[in-house]
Amino acid sequence: MPPTDMTTPPAAPAGAPAEAVTPLMRGIAVLRRLTKADGALSPSELERATGLARSTVDRVTATLARMGYVRLDGRDAVLTPRVMQLGNAYLAALRLPGLLGGHADALADALDESVSLAVSDRDGIRFLHQATRRRAMSLSFRIGDLLPAERTAPGPLFAAGWSEAEWARWRERRAADPEHRDFPAVPPYDAARAATDGAPFEERARQAREQGWALDDQLIEPGLVALAVPVHAPDGSVVCAASVVSHTSRHSAASLHDTLLPRLRETVAAMEEELRRAQDAPPEPGLAPPPPLAAWTAASKQELGREFIESLARGLTVLTAFGTGRAELTLSAVAEATGLARATARRALITLEHLGYVASEGRAFRLTPRVLALGYPALSRTTLPQIAGPHLAALAARVHDSASLAVLAGDDIQYTARVATSRVMSVNLTIGTRLPAYATAMGRVALAGLSPAERSARLARTELRPLTPRTVTRAADLAALLDQVADQGYALVEDELEEGLRSIAVPVHNGAGDVVAAVNVAMHTVRRTAAECVTDILPELRTTVAGIEADLHIAGRFTRIPTA
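FYI, in the working numbering the residues of the sequence shown are 403 to 966.
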């Protein structure tokens with residue numbers, strides 16, 4: 403039987419250190435392939451893409467599913483928001499999105515152009531923050547996307563500090579992939595352009611070193627122009643690049659530089675001051691490290707048997723040992739944070755360093771930007787309806803009634819996700835349907851989540867029309883009901899929107915504690931009594947929303963999650 407821990411590993415693949423953890427390497431290969439495929443592949447597709455045996459693919463995906471990083475949906479393995487824990491660990495340890503993201507957002511608002519923050523990842527760049535403008539032609543890059551340095555504005559800024567060994571590595575990569583087929587985030591180069599871009603990039607890097615800014619004049623694709631300026635740490639090193647991205651319908655590369663460089667430099671100066679203040683401030687308290695793995699892995703192994711690969715679960719958990727207040731960790735600190743034996747943690751770190759996800763200096767280890775390649779690009783633009791969908795499907799399957807997600811839209815609620823059940827008599831609504839908030843359970847949950855002042859203002863301007871004989875139409879009565887909903891955490895409405903319709907709903911909160919949506923179960927009144935809705939359905943609703951909120955908080959830690 404193959405080993406299930408890190409003490410008696412199979413032989414490491416060719417080129418890997420002797421102590422490398424092969425199951426961890428295989429698991430990361432699966433996550434990378436799923437990410438490149440935009441989040442979903444069948445087992446047979448994973449088998450072809452990774453070169454792994456089908457039995458190995460099945461064991462890896464079963465382990466990742468147990469960790470909550472993938473969902474086995476029919477024939478496909480699908481990445482879930484929980485896998486973003488890995489990238490979040492890197493972003494939290496780096497601190498740049500939290501410190502500088504607000505400045506980037508403010509600049510995007512002021513210029514009405516997209517603004518990005520990017521870091522160097524070997525001979526490429528990787529985005530870690532995006533403030534995009536919604537236009538017909540807008541920036542489509544995602545957090546975690548990797549771009550070839552030579553086709554970007556930030557690239558020359560980073561290349562300006564490369565050593566000769568780093569230039570040699572870039573030339574080797576360019577020779578092996580002149581058309582950039584290994585960079586799925588950008589359109590491939592045509593052969594003629596690929597043959598001539600080497601010397602200009604080296605010249606652009608020299609110019610960037612001298613002038614302190616760089617331009618991308620339609621290098622990624624026709625019509626896209628960008629201007630970038632380096633952001634320096636207090637020690638003078640370049641920690642990231644801030645760039646403004648526009649379209650030739652609004653700016654040429656020259657006018658982008660002439661018009662926006664002073665404003666971009668002003669924002670970068672504010673960013674650098676933010677970094678100086680952060681350096682002088684007391685250390686931030688770190689988030690709690692991951693819980694010790696021993697009990698969890700033992701329970702998982704007992705439940706799944708041979709299908710659960712402990713060494714994969716342990717190795718990925720090493721990445722989550724890093725985070726806020728834990729940017730650099732020694733081997734002992736990693737072992738303590740994860741509850742792993744030192745030898746096990748050491749072998750995981752050796753493997754992760756070999757793969758490029760961890761770097762070491764002396765006795766300290768830190769995460770690299772490559773961690774963002776593990777699921778982040780595929781999920782960084784996920785929406786609340788996409789997050790909620792699988793949870794609603796599971797809820798509907800358990801209670802055998804329709805489940806929906808809705809958001810407040812003016813004085814209405816708007817359905818944004820829904821899983822219906824097949825019944826002769828069922829609630830017939832579709833995504834996009836709008837209903838008056840005051841007469842629905844989800845609407846009352848959403849209204850109850852507003853501040854008292856905003857709630858009163860909405861009631862004052864809303865025409866409370868009777869939709870059935872039981873619709874509450876007195877503002878004072880509705881206000882009292884909303885106070886009750888706020889206190890009890892759910893709303894139950896029957897026969898007010900439509901006779902014979904009963905609905906029970908609970909709120910969905912974002913990471914800041916604000917109500918951003920509601921989830922309900924709706925049914926005909928003959929299906930259950932009101933009391934049965936509270937005793938039987940309400941616990942199921944709350945369990946479902948707890949899962950949605952957990953995913954939402956992970957996905958929304960460093961990204962904006964649209965609610966519709």
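C-beta: ideal position from N, C-alpha, C; glycine also.
Which of helix, strand or coil DSSP assigns to residue i
i       : result
Phe-603 : helix
Leu-433 : helix
Arg-876 : coil
Gly-546 : coil
Ser-828 : For Ser-828, the predicted model reports a pLDDT of 48, less than 50, meaning its position is unreliable; a value from the coordinates is still stated below. Residue state, collapsed to three classes: coil.
Ala-538 : Because the pLDDT of Ala-538 is 47, which lies under 50, any placement of that residue in the model is unreliable, and the number read from its coordinates should be weighed accordingly. Of the three classes helix, strand and coil, the one that applies to Ala-538 here is coil, per DSSP.
Pro-558 : helix
Ile-815 : strand
Val-720 : helix
Glu-900 : coil
Ser-853 : coil
Gly-913 : coil
Leu-894 : strand
Phe-960 : coil
Val-821 : strand
Asp-475 : strand
Ser-657 : helix
Asp-988 : With the chain covering only 403 through 966, there is no way to say anything about residue 988.
Ala-420 : coil
Ser-858 : helix
Asp-565 : One detail in the question is off: residue 565 reads as Ser in this sequence, not Asp. It is coil, neither helix nor strand.
His-582 : coil
Pro-941 : helix
Glu-709 : helix
Ile-833 : coil
Thr-842 : coil
Ile-752 : helix
Contact belief for residue i with residue j at Cβ below 8 Å, rounded distance in angstroms
i       : j       : result
Pro-636 : Gln-704 : Actually they do not touch by this definition, with Cβ atoms about 51 Å apart.
His-793 : Gly-958 : So it is not a contact: roughly 15 Å between Cβ atoms.
Ala-843 : Ile-906 : 6 Å
Ala-919 : Ala-808 : 7 Å
Arg-606 : Pro-558 : 4 Å
Val-908 : Val-947 : 5 Å
Ala-442 : Val-480 : 5 Å
Ala-422 : Glu-709 : So it is not a contact: roughly 22 Å between Cβ atoms.
Limits of the beta strand (DSSP E) - the one that residue i falls within
i       : result
Glu-763 : 760-763
Ser-804 : 804-811
His-531 : 526-533
Val-917 : 917-926
Pro-838 : 836-838
Leu-446 : Per the sequence presented here, residue 446 reads as Ser, with Leu not at that position. Premise fails: Ser-446 lies in the alpha helix (DSSP H), 445-452, not in any beta strand (DSSP E).
Ala-766 : 766-769
Leu-774 : Run containing Leu-774: none; DSSP gives neither H nor E here.
Ala-520 : 516-523
Same chain, Cβ closer than 8 Å to residue i, neighbours up to 5 away in sequence not counted
i        : result
Phe-1003 : This structure gives no information on residue 1003, because the portion of the chain shown stretches from 403 to 966.
His-802  : Thr-823
Thr-732  : Arg-765, Ala-766 and Phe-767
Val-773  : Leu-488, Gly-489, Ala-491, Tyr-492, Leu-721 and Tyr-759
Nonlocal neighbours in the same chain, by C-beta distance under 7 Å from residue i, ignoring five residues either side
i       : result
Val-462 : Arg-428, Gly-429, Val-432, Ile-711 and Leu-714
His-955 : Gly-913
Tyr-778 : Met-486, Gly-489, Ile-545 and Gly-546
Glu-612 : none
Thr-669 : His-505, Leu-509 and Ala-644
Leu-880 : Tyr-840, Leu-861, Leu-866 and Val-874
Residue i - partner residues in DSSP beta bridges
i       : result
Cys-642 : Val-633
Val-947 : DSSP, once it has assigned bridges, lists no residue as partnering Val-947.
Gly-741 : In the DSSP output, where bridge partners are listed per residue, Gly-741 has none listed.
Ala-725 : One point to set straight first is that residue 725 is Gly, not Ala, in the sequence displayed. The partner list for Gly-725 (beta bridge, DSSP) reads Arg-728.
Ser-648 : Val-627
Ile-906 : Leu-894 and Val-923
Leu-617 : Leu-629
Val-480 : Ala-442 and Arg-473
N-terminal and C-terminal residue of the alpha helix (DSSP H) that residue i is part of
i       : result
Val-459 : 456-469
Ala-587 : Element bounds for Ala-587: n/a, residue is neither H nor E.
Val-801 : 786-801
Leu-695 : Taken as a continuous stretch (DSSP letters only), Leu-695 belongs to no alpha helix (DSSP H), as it is neither H nor E.
Leu-493 : 486-496
Leu-781 : 778-781
Neighbourhood of residue i by C-beta, 6 Å cutoff - its chain only, sequence neighbours within 5 removed
i       : result
Met-539 : Confidence at Met-539 is low in this model, with a pLDDT of 47, below 50, so its placement is unreliable and no value can be given for it.
Ser-828 : Because the pLDDT at Ser-828 is just 48, under 50, the model does not fix this residue reliably, and the value given afterwards should be weighed accordingly. Nothing listed; no residue qualifies.
Arg-836 : Asp-814 and Gln-816
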